[in-house]
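Beneath this line is the structure, given in structure tokens, with notes to follow.
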Ligand code: PMP
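Residue numbers (my numbering): 1263 to 1678.
Written as structure tokens, this is what we have:
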């Protein structure tokens, strides 16, 4: 049986086999088994990704796009193959619609500084939502402070779901952009992004989707969503940090000015003027993260090889199990109970400070995130300064949930 046929049917993930792909999961933390529940902040890397990055440095490293020699051609081919992999992963129409950059944050900043600077002015409005990550808030505020447009915020209900009636009410002819998350990192809500995009389009607004949390969990189809821009980060999709992508609809990217100038993005420079490459190279000034981007391609192949349906089924099972087990703890309050939700559980434990919970869990070998999760407006919405967040990925098991449950019981005993 070859690899392809072994992987193919996979209605359920072979989690033991996946775990064996992640060397770090063999590490002991304070002499205990590592229970890694912080994939929403950054996921661990499988050997296939680590090997891909090492292979570049050992066998095919050179700067790309400008060398005439063999190694440079080979590195360029591998880099451009990652672009095709990313195109297929997002189901974009063309590879030129994929811009490589550092990650979701840089993608939003690119759109703000290039499209936004050219297209937003006093009297215009943009729509964000309460449950955005700071990286989809601050770039727009920086621009708003320079250009004077209005920022409107779509609220969420007590479950953490976007209030669609309120969102609809925010949309009028002044709205030029809707920039909303596909999945909220702080509380796990999966937003009805197709409907959000459809309504925005009816008003003629441009749509940017923050896919940083959706990319590791959901099948993404930018054409089906109907968005103009989609951003995600490699490090959350089991790939390297410092590598990510922006999808932009071809006609829009063509019309946008470069946002950073430098080498790679020009065809001709003199002191009088410079001429720029076609997209996507127009937006890729300077030497990129060559090995990291090639390894990002390996990470997306890894995810696609497992299959999105199998990933979703596995993570749903973990989410259901976690909600049931944590529900056994009376003083535990889950924040974010949306019907459509990724395997991210944000909670408080009585009046114990989340940092104390995180510290006690850490001594048990359990890594969770505590704090505001770069989503302070979300915390404000639920009147909290911080939560504990357990986030699950392809390598997590029900045993990990049980370990979290035991760790929380222990925390309660310590604070009793
Ligand atoms: N958006 C969301 C929803 C996120 O979770 C994150 C990372 N926590 C970002 C954007 C920013 O991603 P990065 O730091 O990789 O640019």
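Glycine residues also receive a C-beta, built at the ideal position from the N, C-alpha and C atoms.
Residue pairing by DSSP leaves residue 1339 without any beta bridge partner. In this structure, the alpha-carbon of residue 1484 lies about 19 angstroms from that of residue 1389. In this structure, DSSP gives residue 1357 a helical state, which the three-state scheme calls helix. Residues 1326, 1327 of the same chain have their beta carbon placed closer than 7 angstroms to that of residue 1338, with the five preceding and five following residues left out of the count.
At least one heavy atom of ligand 1 falls within 7 angstroms of the beta-carbon of residue 1475. Counting only heavy atoms of ligand 1, the residues whose C-beta sits closer than 7 angstroms to one of them are, along the chain, 1302, 1303, 1364, 1365, 1366, 1367, 1368, 1395, 1397, 1398, 1443, 1445, 1446, 1447, 1472, 1474, 1475, 1495, 1497, 1498, 1506, 1636. Per the DSSP secondary-structure output, residue 1632 pairs in a beta bridge with 1650. Going by DSSP, residue 1608 is part of the beta strand (DSSP E) stretching over 1606-1611.
The residue among 1285, 1663, 1488, 1442 with its C-alpha nearest the C-alpha of residue 1475 is 1442. In this structure residue 1607 is not in contact with residue 1632, their Cβ atoms being roughly 13 angstroms apart against a cut-off of 8 angstroms. Here residue 1290 carries a strand assignment [DSSP, helix/strand/coil]. In chain order, 1481 place their CB closer than 6 angstroms to the CB of residue 1570, counting only its own chain and leaving out the 5 sequence neighbours on each side.
Below 8 angstroms, enough C-beta pairs join the region 1420-1430 and the region 1448-1460 to call them touching: three or more. Excluding the 5 residues flanking it on each side, residue 1376 has same chain C-beta neighbours closer than 8 angstroms at 1518, 1519, 1520, 1521, 1545, in chain order. Two segments are said to touch when three or more pairs of C-beta atoms, one from each, lie closer than 8 angstroms; by this definition the region 1656-1664 touches the region 1292-1306. Take residue 1450, set aside five residues on each side of it, and the residues of its chain with a beta-carbon closer than 6 angstroms to its own are 1598, 1603, 1604, 1606, in chain order. Rounded to the nearest whole angstrom, the C-alpha separation of residue 1491 and residue 1471 is 6 angstroms. Look at residue 1506 here: in three-state DSSP terms it is strand. Residue 1374: not part of any alpha helix (DSSP H); DSSP gives it neither H nor E. In the DSSP annotation of this structure, residue 1282 is not part of any beta strand (DSSP E); the continuous alpha helix (DSSP H) holding it starts and ends at 1277-1283. Looking at the DSSP output, residue 1472 sits in a beta bridge with 1443, 1493. For the pair residue 1372 and residue 1625, the Cα-to-Cα distance works out to about 40 angstroms. Judged by their CB atoms, residue 1363 and residue 1508 are nearer to each other than the 8 angstroms cut-off. Residue 1489 and residue 1505 have their C-alpha atoms some 22 angstroms from each other.
With a beta-carbon spacing of about 13 angstroms, residue 1515 and residue 1493 fall beyond the 8 angstroms limit used to define contacts. In the three-state reduction of the DSSP assignment, residue 1626 falls in the coil class, being assigned neither a helical nor a strand state. Residue 1434 holds the alpha-carbon nearest to the alpha-carbon of residue 1466 among 1478, 1445, 1496, 1434. For the 8 angstroms CB-CB criterion, residue 1354 and residue 1360 form a contact. Setting aside the 5 residues that flank it on each side, residue 1552 is surrounded in the same chain by 1318, 1323, 1325, 1326, 1337, 1341, each with a C-beta closer than 8 angstroms to its C-beta; the list follows chain order. Counting only runs that start and end inside the region 1498-1581, the alpha helix (DSSP H) elements of at least 4 residues fall at 1512-1517, 1552-1568. Burial of residue 1307 is indicated by the presence of at least 16 other C-beta atoms within 10 angstroms of its C-beta.
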